[in-house]
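Participant:
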Amino acid sequence: MIKENTSLKMENLSLKSKCAMFTQLQEENSNLQNSILKCESELKACLEEKNDILPKYEEALKVIENTRNELSASQLSIANLKDTLIKYQLERHKMHNLIQDLKGNIRVFCRVRPVLMDDGEKPLCRISFPDDHSLEISKQLSGELEDSKSEYSFDKVFSQDSTQTEVFEELSHLVQS
Numbered sequence: 052m053i054k055e056n057t058s059l060k061m062e063n064l065s066l067k068s069k070c071a072m073f074t075q076l077q078e079e080n081s082n083l084q085n086s087i088l089k090c091e092s093e094l095k096a097c098l099e100e101k102n103d104i105l106p107k108y109e110e111a112l113k114v115i116e117n118t119r120n121e122l123s124a125s126q127l128s129i130a131n132l133k134d135t136l137i138k139y140q141l142e143r144h145k146m147h148n149l150i151q152d153l154k155g156n157i158r159v160f161c162r163v164r165p166v167l168m169d170d171g172e173k174p175l176c177r178i179s180f181p182d183d184h185s186l187e188i189s190k191q192l193s194g195e196l197e198d199s200k201s202e203y204s205f206d207k208v209f210s211q212d213s214t215q216t217e218v219f220e221e222l223s224h225l226v227q228s
């Protein structure tokens with residue numbers, strides 16, 4: 052009987068140990084089930100958020116694709132316009148050279164400066180402008196009543212009253228890079 056009693060005590064201790072272990076496992080199971088419920092809840096929220104975001108994402112992809120297509124079309128258009136610009140610049144350059152050849156490559160322009168205070172009171176000669184392409188210079192010979200006149204012709208004559216702007220406007224089409 053003592054043996055039985057000892058055996059029963061051992062079995063009782065074993066059962067108590069197993070019972071404590073079972074209780075501990077039940078608590079862990081309960082904690083794990085709570086964690087699973089929490090994870091399922093978070094997963095459900097994530098799925099709902101994904102379902103809300105997915106159409107916006109797909110729309111953004113469509114916008115990106117359309118923008119890429121427009122960019123490609125614009126780049127192609129720019130390349131075509133550059134080619135056309137180069138073609139027309141070459142044509143303009145050829146026409147400019149042709150016009151210059153037809154008019155003559157050498158042009159002579161004359162610009163008469165205004166009389167300055169340092170020139171003295173009595174000018175040495177008188178300059179007149181019969182038209183835009185010629186000028187006459189008259190100077191009085193010493194002691195003679197007749198004037199000595201010289202007439203000169205140019206492609207263009209600018210008088211003393213001509214401004215820098217007028218000169219530039221006339222000559223700017225001749226200068227080309």
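Quick note: to get my numbering, add 51 to the position in the sequence shown (first position is 1). Backbone N, C-alpha and C define an ideal beta-carbon position, used for all residues, glycine too. A quick note: this is a predicted structure, and the numbers were derived from the prediction, not measured.
So, is residue 226 buried or exposed, given that buried needs 16 or more other C-beta atoms within 10 angstroms?
Facilitator: Burial is judged here by how many other beta carbons sit within 10 angstroms of a residue's own beta carbon; residue 226 has fewer than 16 and is exposed.
Participant: Can you give me the Cβ contacts of residue 230 inside the same chain, cut-off strictly under 7 Å, excluding the 5 residues immediately before and after it?
Facilitator: As displayed, the chain neither begins before 52 nor continues past 228, which places residue 230 out of reach and without an answer.
Participant: List the endpoints of the continuous beta strand (DSSP E) containing residue 180.
Facilitator: 177–182
Participant: How many angstroms separate the CA atom of residue 189 from the CA atom of residue 181?
Facilitator: 13 Å
Participant: On the DSSP bridge list, what partners appear for residue 162?
Facilitator: DSSP output for residue 162 lists 209 as bridge partner(s).
Participant: Give me the Cβ distance between residue 163 and residue 205, rounded to the nearest whole Å; I'm assuming they're in contact under 8 Å.
Facilitator: About 11 Å separates the beta carbon of residue 163 from that of residue 205, a gap too long to meet the 8 Å contact definition.
Participant: Measure how close the beta-carbons of residue 208 and residue 161 come, nearest whole angstrom, since I'm counting them as under 8 Å.
Facilitator: 5 Å
Participant: Please classify residue 59 as buried or exposed, where buried requires at least 16 neighbouring CB atoms within 10 angstroms.
Facilitator: Here residue 59 is exposed: its Cβ has fewer than 16 other Cβ atoms, across all protein chains shown, within 10 Å.
Participant: Would you kindly check if the distance between the Cβ of residue 213 and the Cβ of residue 246 is under 8 Å?
Facilitator: As shown, the chain starts at 52 and ends at 228. That puts residue 246 outside it, with no answer to give.
Participant: What number of angstroms, rounded off, separates the C-alpha of residue 147 from the C-alpha of residue 156?
Facilitator: 11 Å
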